[in-house]
Amino acid sequence: NSAAIDAGSVDSIPQDVWDMDYDGITSEPIPYDLSGNPRIVNNRPDMGAYEFLEAWNDTINQLVCSGEKELFHGLEYDSTGIFRYAVSPDSAHYLNLTVDVPNTDVQVWFGGILEAMADSVSYRWINCNDLSINYGATQKIFYPTQQGNYAVIITDSDGCVDTSDCFHVGNISLPENALGKEISIYPNPAGGLVHVVFSEVMKGKQTELKVLDVNGKTVLHKVISVKGEKEISLDVELLPKGVYFLKIGEQVLRFVKG
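In this note's numbering, the protein residues as written are 2 to 259.
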């Protein structure tokens, strides 16, 4: 019954610059108290260096999808955190709740290519104008064949589903076969060199090669003639780190300069 319980300030907790919980976030408050117990319970820390620890307690670990609620001792919770229900002055039940919010960020390239930023999930691209589903569009990168507004439905590994905002596509000059059926590149991410591999149908052809940055600016340009070789190398050593597009003829491939 101490008045110091839940009376501390989150703003007074130093940042987790050492990433003590190994979650990759160093801008959050330190997650543990001086004894190694959770630092923030019921969304507020206790005053002092220690969180109050009951003589008896148990914890329920639960994950819900964004928009869902978890019922815990008559109350509904819909945010990530640790929540306490007192059984007696020195005993309590805890709910350790994690709310799974799928990453629905989308990058628009050249005004005509859409790329979902989430990895290791399933994708389903839809037309926002009539909510029709593009049944063949289940890849991370979507090449619309007509102008319009599109969104992606993301389903993550926990089975949580969310839909991105709608994004307008006005430039459809890049074809749907831009995945590069006749060419491939490696390694990706690339270091100093990018190797371009041609299929048999490209042999004997003279074609234009461009490397474009994310703003569509050409940073490398050359005319190549595919003779007997199946592979050429491009020197990208001087390019800044980032995402680039390799355009050969009407085919476009994306690579990352590491």
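Glycine is no exception: its CB is placed at the ideal position from the N, C-alpha and C atoms.
Please say whether residue j and residue i have beta carbons closer to each other than 8 Å?
{"i": "Ile1", "j": "Val11", "result": "Residue 1 lies beyond the stretch modelled for the chain, which goes from 2 to 259, so this question has no answer here."}
{"i": "Leu210", "j": "Ile249", "result": "yes"}
{"i": "Asp91", "j": "Val122", "result": "no"}
{"i": "Tyr144", "j": "Cys167", "result": "no"}
{"i": "Leu194", "j": "Ser226", "result": "no"}
{"i": "Gly112", "j": "Pro190", "result": "no"}
{"i": "Ala93", "j": "Glu55", "result": "yes"}
{"i": "Ala87", "j": "Met48", "result": "no"}
{"i": "Arg85", "j": "Asn44", "result": "no"}
{"i": "Leu221", "j": "Val215", "result": "no"}
{"i": "Tyr95", "j": "Asn58", "result": "yes"}
{"i": "Asp17", "j": "Ile26", "result": "yes"}
{"i": "Pro39", "j": "Ile83", "result": "yes"}
{"i": "Asn130", "j": "Gly160", "result": "no"}
{"i": "Asn97", "j": "Thr60", "result": "yes"}
{"i": "Leu64", "j": "Thr99", "result": "yes"}
{"i": "Val109", "j": "Met118", "result": "no"}
Taking the C-alpha atoms as reference points, what is the distance between residue i and residue j?
{"i": "Ser200", "j": "Val153", "result": "32 Å"}
{"i": "Lys141", "j": "Ser165", "result": "13 Å"}
{"i": "Ile155", "j": "Glu116", "result": "12 Å"}
{"i": "Asn128", "j": "Gly243", "result": "29 Å"}
{"i": "Thr208", "j": "Val224", "result": "6 Å"}
{"i": "Glu177", "j": "Thr81", "result": "Residue placement at Glu177 is flagged as unreliable, the pLDDT there being 42, under the threshold of 50; the coordinate-derived value follows with that caveat. Glu177 and Thr81: Cα-Cα distance of roughly 40 Å."}
{"i": "Leu247", "j": "Val197", "result": "9 Å"}
{"i": "Gly181", "j": "Val253", "result": "Interpretation of Gly181 is limited by its pLDDT of 47, a score under 50 that renders its predicted location unreliable; no figure is taken from the coordinates."}
{"i": "Ala179", "j": "Tyr124", "result": "Residue placement at Ala179 cannot be trusted, given a pLDDT of 46 that sits under 50; the coordinates are not used to answer."}
{"i": "Phe256", "j": "Val162", "result": "28 Å"}
{"i": "Thr219", "j": "Gly171", "result": "20 Å"}
{"i": "Ser28", "j": "Gly68", "result": "26 Å"}
{"i": "Asn62", "j": "Ser89", "result": "21 Å"}
{"i": "Asp20", "j": "Gly37", "result": "14 Å"}
{"i": "Leu239", "j": "Gly192", "result": "10 Å"}
{"i": "Ile184", "j": "Gly217", "result": "20 Å"}
Could you tell me which residues DSSP puts in a beta bridge with residue i?
{"i": "Val18", "result": "Per DSSP, none; premise fails for Val18."}
{"i": "His74", "result": "DSSP output for His74 lists no bridge partner at all."}
{"i": "Ile142", "result": "Glu116"}
{"i": "Glu232", "result": "Val198"}
{"i": "Ile31", "result": "Per DSSP, none; premise fails for Ile31."}
{"i": "Ser185", "result": "Val198"}
{"i": "Arg40", "result": "In DSSP, Arg40 forms no bridge with anything."}
{"i": "Ile225", "result": "Thr208"}
query: Does the region 69 to 79 come close enough to the region 102 to 114 that 3 or more CB-CB pairs lie under 8 Å?
result: no
Complete beta strand (DSSP E) runs within the region 47 to 91 (minimum length 3 residues, chain order): 57 to 66, 71 to 73, 76 to 78, 82 to 89
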